[in-house]
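Asks: So the sequences go chain by chain: D and U.
Numbering-wise, numbering that gives the first Met the number 0 puts 175 at position 176 of the first sequence, and it's gapless, one number per residue.
Numbering-wise, numbering that gives the first Met the number 0 puts 19 at position 20 of the second sequence, and it's gapless, one number per residue.
No residue lacks a Cβ here, since even glycine has one placed at the ideal position from N, Cα and C.
Keep in mind it's a predicted model, so treat the numbers as computed, not measured.
The structure follows.
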Amino acid sequence: MSTMVLPTAADPAVSVLAAGLAQVPQMDYRAVLPVLVVLGAACVGVLFEAFLPRPRRWLWQVALTVAALLAAGVALYAYLGDAPAQGVKTFAGTLSIDRPALFLWGTLLVLGLGAVLLIADRSVEPGGYFVAQAAIRPGTQQDRAQAAGANMHTEVFPLALFALGGMMVFCAANDLLTMFVALEVLSLPLYLLCGLARRRRLLSQESAVKYFLLGAFASAFFLYGLALLYGYAGSVKLADIAAAAGGTNRSDTLLFAGLGLLAVGLLFKGSVGPFHTWTPDVYQGAPTPVTAFMAACTKVAAFGGLLRVLTVAFKATSWEWRGVLWAVAIISMVIGAVLGLTQRDVKRMIAYSSVAHAGFLLIGAIALTEQGLSGTMFYLLAYGFTTLAAFAVVGLVRTGEGEATHLSQWAGLAKRSPLLAGVFTFLLLSLAGIPLTSGFVGKFVVFSAALADGMAPLVVIALVMSAVAAFFYLRVIVLMYFSEPAADGPTVTVPGVFTAAAITLGVLVTLLLGVWPAFALDWAGSGGFAL
Amino acid sequence: MLQSYVPILLLFVLAALFALFSVTIAPYVGPRRYNKAKLDAYECGIEPSPQPVVGGGRMPVAYYLTAMLFILFDIEMVFLYPFAVSADALGLFGLVEIALFIATVGFAYAYVWRRGGLDWN
């Protein structure tokens with residue numbers, strides 16, 4: 000009994016309250032303004048849903064969401080000039096707004112804008128990609144009536160903003176508890192968004208349930224890891240964990256078991272194999288704009304968080320755990336490249352491609368050098384735009400029953416729409432990593448960072464897997480250009496302004512980062528994490 | 000080090016003994032009044048089985064919605080209690096923070112109210 004620790008007056012938390020002197024935490028509102036704008040706009044969006052009549056909601060929500068993303072971007076840009084190079088820690092040290100965080104915020108905001116444009120589009124699918132009343136049972140009379148109607152759930156806009164705000168906090172979270180809360184804020188809206196497709200509603204709902212159950216499971220892993228690390232270090236702050244790991248003779252079991260469980264949670268969100276099993280099903284079932292949002296933004300957030308945890312908390316012990324993440328990276332690349340070959344559905348194929356890309360990203364993330372950090376962040380930027388535009392293009396190829404995602408339906412598409420086939424070819428070449436596209440530059444910087452850090456065998460495997468993955472991208476290109484179109488094949492919808500803008504944005508950035516990557520590389524390499 | 004777990008172990012033993020004691024002693028000292036409710040799975044609430052024939056054997060979804068809303072606003076109260084106790088110490092900053100918190104939950108409340116989440120049918 001004598002060993003039990005009771006809170007006493009010497010305990011700071013108790014004495015502060017007793018003295019009536021609670022400290023107001025230091026808050027740098029200017030630094031976190033982009034996040035506040037996004038989350039505040041999401042709250043206003045909820046009020047719009049509550050008080051605006053249904054016909055006016057779409058317009059107001061789109062205006063609010065786009066304005067919020069632009070305003071957050073302006074706030075970020077205005078802060079960038081005055082931001083200290085070593086970053087600031089604010090909100091009692093729970094947020095660390097440093098150069099990588101600002102870079103990832105910028106990436107998330109622009110990718111989020113592209114995704115919101117896709118979500119808002121009502122020209123490709125009349126009435127929008129989203130169901131009007133999710134509560135109506137699929138396949139009933141009312142369901143057929145609403146499928147033909149012009150309404151959609153406009154709640155998707157605040158939900159997307161909440162998810163985006165969570166992602167931004169996730170990238171900047173400097174302690175594990177904040178990180179966990181941010182993880183839930185980004186995940187819960189995504190689960191909902193996945194289940195709101197207008198067409199193939201059962202598939203969409205199935206994907207939402209799968210994502211929710213597996214996501215909750217992964218969150219539990221994350222929490223368990225958090226608890227073990229707290230047991231080890233007596234603190235959830237990343238810097239304290241690093242300090243505890245540095246100079247003690249404590250048992251490492253808690254530390255590495257904690258890191259392992261934490262990593263499972265993070266790798267799950269980044270859809271890194273072998274924690275990728277949700278990815279193909281969810282990417283296929285979710286409404287295509289949401290798939291684009293997840294593929295681009297969730298990946299940025301997950302790897303942003305992983306980079307910070309590994310660099311800030313576990314750099315000193317990297318030689319202990321790196322071998323495991325080597326294996327994970329190899330497994331992810333092999334799964335993505337080999338299973339991608341066997342896919343017959345375009346959305347599933349890009350999903351497996353994203354698993355392979357997650358493996359490449361992980362190579363950069365475990366390099367733990369400046370080069371590795373900037374390379375991985377550049378890769379995230381480049382990959383995000385390419386995959387966003389690729390999913391936007393997938394949404395355009397349709398039959399009367401919705402999207403035509405089966406590969407056989409894409410045969411001879413170049414004869415029907417040379418422009419669409421050309422754009423998709425360019426994007427696939429970027430995913431494959433052909434020069435003059437951002438995919439090539441991204442792979443180049445990540446692999447050279449890994450080489451410089453002595454991971455040559457891993458780079459060789461990555462190159463082989465890139466070649467294997469290139470095969471299935473090229474197969475689609477061959478299919479589009481050198482096959483005869485089927486008589487009752489799908490038609491290519493002429494996109495409205497929003498979708499056209501999103502595709503143009505993605506293609507232009509893919510090209511720009513391919514031929515002139517210097518400015519983005521400079522920005523990505525402008526500073527490390529605040530330690 | 001392991002000694003610090005002794006109180007927890009004792010608590011487990013105590014809990015097990017208490018449960019065993021309660022179950023064993025209840026039939027001897029308790030009154031026996033049998034009625035239909037005693038034989039149900041729950042003495043209040045709806046029967047989980049056999050499922051109601053009306054509505055294809057499914058529960059009205061309104062139960063689920065109400066339960067969710069209850070949790071939401073219940074948690075709000077959970078946060079208000081510790082604030083109220085230490086409102087002095089937290090000062091103006093704490094007051095602003097809790098006002099923001101209530102406002103955020105208020106948005107959710109406005110949404111639920113306006114969209115008919117509080118109507119039973």
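Taking beta-carbon pairs under 7 Å, can you tell me which members of the segment 30-60 of chain D lie near chain U?
Replies: Of all residues in the segment 30-60 of chain D, Cys42, Val45, Leu46, Glu48, Ala49 and Phe50 have a Cβ within less than 7 Å of some Cβ in chain U.
Asks: Check U/Tyr108 in the structure and name its three-state DSSP category.
Replies: DSSP places U/Tyr108 in helix when its eight states are reduced to three.
Asks: Sort D/Gly138, D/Ala172, D/Ala455 and D/Pro125 by Cα distance to D/Leu305 and report the nearest one.
Replies: It is D/Ala172 whose Cα lies nearest to the Cα of D/Leu305.
Asks: Within this structure, are the beta carbons of D/Thr385 and D/Gly505 separated by less than 8 Å?
Replies: Closer than 8 Å, so yes.
Asks: Listing by chain order, which chain U residues have their CB less than 7 Å from the CB of D/Val23?
Replies: What D/Val23 touches in chain U: Phe92.
Asks: Quick check: is the beta carbon of U/Thr103 nearer than 8 Å to any beta carbon in chain D?
Replies: Cβ-Cβ to chain D under 8 Å: yes for U/Thr103.
Asks: Check the DSSP bridge columns for D/Arg397 and list the partner residues they point to.
Replies: D/Glu402 and D/Thr490.
Asks: Specify whether the segment 6-15 of chain U and the segment 464-480 of chain D touch according to this definition: at least 3 beta carbon pairs, one from each stretch, less than 8 Å apart.
Replies: Too few Cβ pairs lie closer than 8 Å, so no.
Asks: So is D/Glu402 buried or exposed if we call it buried at 16+ other beta carbons inside 10 Å?
Replies: D/Glu402 should be labelled buried.
Asks: Taking only beta-carbon positions, decide if U/Tyr63 is within less than 8 Å of chain D.
Replies: No, U/Tyr63 does not count as interfacial toward chain D.
Asks: Would you mind sorting D/Arg197 into buried or exposed? The rule is 16 or more other CB atoms within 10 Å of its CB.
Replies: By the 10 Å Cβ count, D/Arg197 comes out buried.
Asks: What is the DSSP secondary structure of D/Lys314, reduced to helix, strand or coil?
Replies: Note: D/Lys314 maps to coil in three-state DSSP.
Asks: Would you mind telling me which residues of chain D sit closer than 8 Å to U/Ala109, beta carbon to beta carbon, in chain order?
Replies: Near U/Ala109 (Cβ distances below 8 Å), the residues of chain D are Val45, Leu46, Ala49 and Phe50.
Asks: U/Phe106 CB to nearest chain D CB: under 8 Å?
Replies: Chain D, which has a Cβ nearer than 8 Å to the Cβ of U/Phe106, makes this yes.
Asks: To the nearest angstrom, how far is the alpha carbon of D/Ala149 from that of D/Gly127?
Replies: Their Cα atoms are separated by approximately 8 Å.
Asks: Can you tell me which of the three DSSP states D/Leu360 falls into?
Replies: Helix, per DSSP.
Asks: So, for U/Ala61: in the same chain, excluding its five sequence neighbours on each side, which residues have a beta-carbon less than 7 Å away from its beta-carbon?
Replies: Excluding sequence neighbours, U/Ala61 sits near Trp119.
Asks: Could you check where the alpha helix (DSSP H) with D/Ser95 kicks off and where it finishes?
Replies: Element bounds for D/Ser95: not the alpha helix (DSSP H) but the beta strand (DSSP E), Leu94 to Ile96.
Asks: Hey, which unbroken runs of the alpha helix (DSSP H) at 4 residues or more fall wholly within the segment 426-498 of chain D?
Replies: Counting whole runs of 4 or more residues, the segment 426-498 of chain D contains the alpha helix (DSSP H) stretches 437-451 and 455-481.
Asks: Hey, D/Thr177 and D/Val184: beta-carbon distance below 8 Å or not?
Replies: For D/Thr177 and D/Val184, no; Cβs fall outside 8 Å.
Asks: Give a yes or no on whether 8 Å exceeds the smallest Cβ distance from U/Arg31 to chain D.
Replies: No, U/Arg31 does not count as interfacial toward chain D.
Asks: Are D/Ser331 and D/Ala364 close, meaning C-beta to C-beta below 8 Å?
Replies: Result no, Cβ atoms of D/Ser331 and D/Ala364 do not sit closer than 8 Å.
Asks: Are the C-beta atoms of D/Pro11 and some chain U residue less than 8 Å apart?
Replies: Any reading at D/Pro11 must be qualified, since the residue scores a pLDDT of 48, below 50, and its modelled position is unreliable; the value itself is stated next. By this cut-off, D/Pro11 is not an interface position.
Asks: Here's the rule: buried if 16 or more other CB atoms are within 10 angstroms of the residue's CB, otherwise exposed. What is D/Pro54?
Replies: The residue in question, D/Pro54, is exposed, as its Cβ has fewer than 16 Cβ neighbours within 10 Å.
Asks: Pair every Cβ in the segment 39-48 of chain D with every Cβ in the segment 97-117 of chain U, then say whether three or more of these pairs are closer than 8 Å.
Replies: The segment 39-48 of chain D vs the segment 97-117 of chain U: in contact.
Asks: Excluding the 5 residues flanking D/Ala581 on each side, which residues of the same chain have their C-beta closer than 6 Å to its C-beta?
Replies: With chain D running from 0 to 530 in the structure shown, residue 581 of chain D is simply not present.
Asks: From U/Ala18 to U/Asn34, what does the alpha carbon distance come to, in whole angstroms?
Replies: Whole-angstrom Cα-Cα distance: 25 Å.
Asks: Quick check on DSSP: helix, strand or coil for D/Thr276?
Replies: Note: D/Thr276 maps to coil in three-state DSSP.
Asks: State yes or no: is the C-beta of D/Leu360 within less than 8 Å of the C-beta of D/Leu379?
Replies: Yes.
Asks: Return the CA-CA distance between D/Gly411 and D/Trp522, expressed in angstroms with no decimal places.
Replies: Those two C-alpha atoms are separated by around 41 Å.
Asks: Taking 7 Å as the cut-off, is the beta-carbon of D/Gly194 closer than that to any non-hydrogen atom of the ligand NAP?
Replies: Absent from the structure shown: the ligand NAP. Ligands present: none.
Asks: Quick check: the Cα distance between D/Lys88 and D/Gly527, rounded to an integer number of angstroms?
Replies: Approximately 14 Å, taken between the alpha carbons.
Asks: Give me the Cβ distance between D/Leu387 and D/Ala295, rounded to the nearest whole Å; I'm assuming they're in contact under 8 Å.
Replies: With a Cβ gap of about 4 Å, D/Leu387 and D/Ala295 count as contacting.
Asks: Taking the alpha-carbon of D/Gly611 as reference, which of D/Val493, D/Phe425, D/His152 and D/Phe497 has the nearest alpha-carbon?
Replies: Given that chain D is displayed from residue 0 to residue 530, the structure contains no residue 611 of chain D and the question cannot be resolved.
Asks: Using 8 Å as the threshold, is the segment 209-219 of chain D in touch with the segment 262-269 of chain D, meaning 3 or more CB pairs across them?
Replies: Verdict: yes, contact present.
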